[in-house]
Amino acid sequence: MALAPRHNRLRDVRKDGGEVATFLIDLSPSDMARRLPDALAVYVDAMRYPRGTEDQRASMWLEHTRRAGWKAVAAVEVADSRLDEPRQVTTAELTCAPIIGVAYGYCGAPDQWWQQQVVAGLQRVGTDRSRIAELMSSYFELTELHIHPRAQGRGLGEALARRLLAGRSEAHVLLSTPEINGESNRAWRLYRRLGFCDIIRGYHFAGDPRAFAILGRSLPL
Numbered sequence: 001m002a003l004a005p006r007h008n009r010l011r012d013v014r015k016d017g018g019e020v021a022t023f024l025i026d027l028s029p030s031d032m033a034r035r036l037p038d039a040l041a042v043y044v045d046a047m048r049y050p051r052g053t054e055d056q057r058a059s060m061w062l063e064h065t066r067r068a069g070w071k072a073v074a075a076v077e078v079a080d081s082r083l084d085e086p087r088q089v090t091t092a093e094l095t096c097a098p099i100i101g102v103a104y105g106y107c108g109a110p111d112q113w114w115q116q117q118v119v120a121g122l123q124r125v126g127t128d129r130s131r132i133a134e135l136m137s138s139y140f141e142l143t144e145l146h147i148h149p150r151a152q153g154r155g156l157g158e159a160l161a162r163r164l165l166a167g168r169s170e171a172h173v174l175l176s177t178p179e180i181n182g183e184s185n186r187a188w189r190l191y192r193r194l195g196f197c198d199i200i201r202g203y204h205f206a207g208d209p210r211a212f213a214i215l216g217r218s219l220p221l
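Counting along the sequence shown from 1, when you hit position 158 you're at 158 in UniProt numbering, and nothing is skipped either side.
What follows is the structure in structure tokens.
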């Protein structure tokens, strides 16, 4: 069986007495549809949401795969008893390997709810029209980036972000993340390390009581 395309071996770790290799892989829209329960399980566990949240998010994640410029990447684990002499990993192994991280996004557009919310927020804080136009005319929305709790602290978030954003043609990348006192969590440390700056702070999206920060940076990363 041929070696799987569009993947790279990231790191090897010992786990529960065995050995596993971690790979980053690209997900096509059909891959995401097939593996949606696994990807959403990572999302729910990473965000510490109650079970059942994945059922509410499934249709939205699938709808996002049809948006212009959509791209998704995942981190998966494959058992490998010879980490000192890495073997070739097949397509079949990677397509069913457990997902431990997932990230996706797409091109921002005026008809998207998120862009409309961000524009309203920028106007509310008095951002100049030219600056709003500059940001909104060409950006990639980094919609989701999640690592399963048991795999956090291994650099997977940065690896996923860099793979997701590699080769993008947009001028900027934007994202939203919940506000945290002192920016003291892994997500905030990752975004700052990648050079994301404040666009709006303390923003409340319609229907959500939590405060969010809108962060962004120019591309390429």
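Glycine included, C-beta positions come from ideal geometry on N, C-alpha and C.
Three or more beta-carbon pairs separated by less than 8 Å are not found between the stretch 148 to 164 and the stretch 112 to 123, which leaves the two stretches without contact. Here Gly216 is bridged, per DSSP, to Leu174, Cys197. In this structure the stretch 158 to 174 does not touch the stretch 51 to 68; the number of beta carbon pairs closer than 8 Å is below three.
Distance from the CA atom of Ser218 to the CA atom of Ala39, rounded to whole angstroms, is 28 Å. For Tyr49, the three-state secondary structure derived from DSSP is coil. Per DSSP, the beta bridge partners of Val78 are Ala21. Put simply, the backbone Cα of Asp80 is about 25 Å away from that of Ala161. As summarised for the stretch 121 to 156, the continuous alpha helix (DSSP H) elements at least 4 residues long and confined to that stretch are 129 to 137, given in chain order.
For Val119, same chain residues with a beta-carbon under 8 Å away, outside a window of 5 residues either side, are Ile132, Met136 in chain order. Distance from the CA atom of Ile214 to the CA atom of Gly202, rounded to whole angstroms, is 9 Å. Per DSSP, Ala103 is one residue of the beta strand (DSSP E) stretching across 99 to 107.
For Glu183, there is no enclosing alpha helix (DSSP H), as DSSP gives it neither H nor E. Rounded to the nearest whole angstrom, the C-alpha separation of Glu141 and Ala46 is 20 Å.
In the pairwise beta carbon analysis, the stretch 144 to 151 is classified as touching the stretch 97 to 105: at least three pairs are separated by under 8 Å. Annotated as proximal: Val89 and Phe23, with beta-carbon spacing under 8 Å.
The beta carbon of Gln115 sits closer than 7 Å to those of Gly108, Ala109, Met136, all from its chain and outside the five residues before and after it, given in chain order. In this structure, the beta-carbon distance from Ala171 to Ser138 falls below 8 Å. Using a 10 angstroms sphere on the CB of Glu54, the tally of other CB atoms reaches 16 or more, which defines it as buried.
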